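Participant:
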Amino acid sequence: MPLVKSADVFIERSLHLLETNPASTRISITYGSESKRQSKKKQHKITKPETTSSSENKSFVSFKTYDPISGQLHKLKTHKTKELSKLLTALGPHGVSIPKPIKKADTQQKETIEQVPIKGFSTILTNTEIQEELTPEPERPKSSDQQSNNSASASTTTGGGSKKNKKKKGKR
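Right, here's the structure in full:
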């Protein structure tokens, strides 16, 4: 079982497996806790209960992509929330953007890193292109303040009398 160290590499390799044989490729997600594993190991030995610190109680998520026809297996184990979010987004239809270094033709310039968009796993599994829906912005209704200001300015230009626009004359 080769353990992949980077989420980006895992996404690329899993995507390649899905593109070559989407019908037989399996994706599995497993959630676990390190403290639970340790308690199972210590179950056979009777010892004093030890206090565990918060650093020892790490939870992890394991992603596996397996193709039984080719025998390829890619596995990623992580406890980082950003990687988990990126992997779950890659499972969706819109996919993710992965940074890739691009070499320039000039020898003087260094490699630049560009974000390359990658299809989502569910897009490949369903064999359909999913387009983003562009929703038109709803027209904003005019608020009552704007309507009263517009009517007041219209009444002054047309010569209509309005109590708000009349100046009060005081007693002299």
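Quick note on the working numbering: the sequence shown kicks off at 10 and runs consecutively. From the three backbone atoms N, C-alpha and C, an ideal C-beta is built for every residue, glycine too. Please read these numbers as outputs of a predicted model, since none were measured by experiment.
1. Could you pull out every unbroken beta strand (DSSP E) segment of at least 3 residues lying fully inside the stretch 94-126, listed in chain order?
2. Tell me where the alpha helix (DSSP H) around Ser71 begins and ends.
3. State the DSSP-derived secondary structure class of Leu24, mapped to helix, strand or coil.
4. What are the start and end residues of the beta strand (DSSP E) that includes Leu134?
5. Does the count of Cβ pairs from the stretch 77-92 and the stretch 130-137 closer than 8 angstroms reach three?
6. When DSSP labels each residue in this structure, what does Ser33 get in the three-state scheme?
7. Taking C-beta to C-beta, are His83 and Val13 nearer than 8 angstroms?
8. So Lys95 and Leu24 are in contact, right, with Cβ under 8 angstroms, and what is the actual spacing, rounded?
9. Ignore the nearest five residues each way along the sequence and tell me which others in Pro108's own chain have a CB closer than 8 angstroms to its CB.
10. Specify the secondary structure class of Ser79 as computed by DSSP and reduced to three states.
11. According to DSSP, Ser42 sits in a beta bridge with which residue or residues?
12. Within the same chain, show all residues whose beta-carbon is closer than 7 angstroms to that of Gln47, passing over the 5 residues directly before and after it, in chain order.
13. Using beta-carbon positions only, say whether Leu100 and Phe69 come within less than 8 angstroms of one another.
14. For Ile75, I'd like the list of residues in its chain whose CB is within less than 6 angstroms of its CB, leaving aside the five on either flank, ordered along the chain.
15. Can you give the Cα-Cα distance for Thr144 and Leu93, rounded to whole angstroms?
16. Alpha carbon to alpha carbon, what distance is there between Ile20 and Pro31?
Facilitator: Based on what the coordinates show:
1. With a minimum length of 3 residues, the unbroken runs of beta strand (DSSP E) contained wholly in the stretch 94-126 fall at 105-111.
2. Unbroken run through Ser71 is the beta strand (DSSP E), Ser68 to Asp76; no alpha helix (DSSP H).
3. helix
4. Unbroken run through Leu134 is the alpha helix (DSSP H), Phe130 to Thr135; no beta strand (DSSP E).
5. No, the stretch 77-92 is not in contact with the stretch 130-137.
6. coil
7. Yes, the Cβ-Cβ distance between His83 and Val13 is below 8 angstroms.
8. Rounded, the Cβ-Cβ distance is 13 angstroms, inconsistent with contact.
9. Asp17, Ile122, Glu123, Gln124 and Val125
10. coil
11. Ser68
12. none
13. Going by C-beta atoms, Leu100 is not nearer than 8 angstroms to Phe69.
14. Reading off the sequence shown, one finds Tyr at residue 75, where the question assumed Ile. Around Tyr75, the same chain offers Arg35 and Leu82 as residues with beta carbons nearer than 6 angstroms, after the five sequence neighbours per side are excluded.
15. 29 angstroms
16. 15 angstroms
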